[in-house]
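So the sequence shown is residues 61 to 230, counted in our numbering. The beta carbon of each residue, even a glycine, is placed where N, CA and C say it ideally should be. Quick notes on the structure that follows.
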Amino acid sequence: MSLSISDICVLFARKGGRLYDGEPVTQLEHALQSAAMAEAEGAPPALVAAALLHDLGHLLNDQGDTPTLRGIDDLHQYAALPFLRGTFGDDVLCATRAGYFDALSLDSKRSLALQGGVYSVEEAAAFRAQPYAEDAVRVRLWDDSAKLAGVDTPALAHFVAVLEATSRCG
């Protein structure tokens, strides 16, 4: 079952007010900050949509409060794919920087460890060879920065037009 854009808005309305585990923002605030950063950098609509939706799996695969503290990887990056694949294309769904790991929040460091840890040189090269790898890195950097309390962002309704423009249905 694919989620429609309306379904996505309802999901954010129902569960977006939950805290983004281990961070001082809600799930919705985090998504909006990520998308606003992408938009501010002039990213194409598909990348803005990706930034908005990158953690939707946390809302779909609810593992309770801060699962990383319990050693649980909620596999949110995979949980959302079956629900988004029919609505969006690969351009939306898509560790070599000095100081990157040190700048991560404690919860992001736990999550990274649960997801397999920092890439080896070979793993990083294989990742960079994949389509949309550079875009995935950009989304990850917005993700890492979108955890600030009290940041003013456009409302979800502002980004609905972006979702519609990048949807296979729109």
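Limits of the unbroken alpha helix (DSSP H) element including residue i
i, result
"Pro105", "105-113"
"Leu119", "116-120"
"Val199", "193-205"
Paired residues, beta bridge with residue i - DSSP
i, result
"Thr86", "Leu79"
"Phe148", "Ser227"
Rounded C-alpha distance that separates residue i from residue j
i, j, result
"Ala215", "Gln190", "33 Å"
"Leu120", "Lys75", "9 Å"
"His118", "Arg170", "15 Å"
"Thr226", "Gly149", "8 Å"
"Leu63", "Cys69", "10 Å"
"Phe219", "Ala95", "8 Å"
"Thr86", "Gly77", "5 Å"
"Leu112", "Glu183", "27 Å"
"Val211", "Arg188", "32 Å"
"Arg228", "Thr147", "5 Å"
Rounded distance between the beta-carbons of residue j and residue i, thought under 8 Å
i, j, result
"Val199", "His114", "5 Å"
"Ala109", "Val222", "5 Å"
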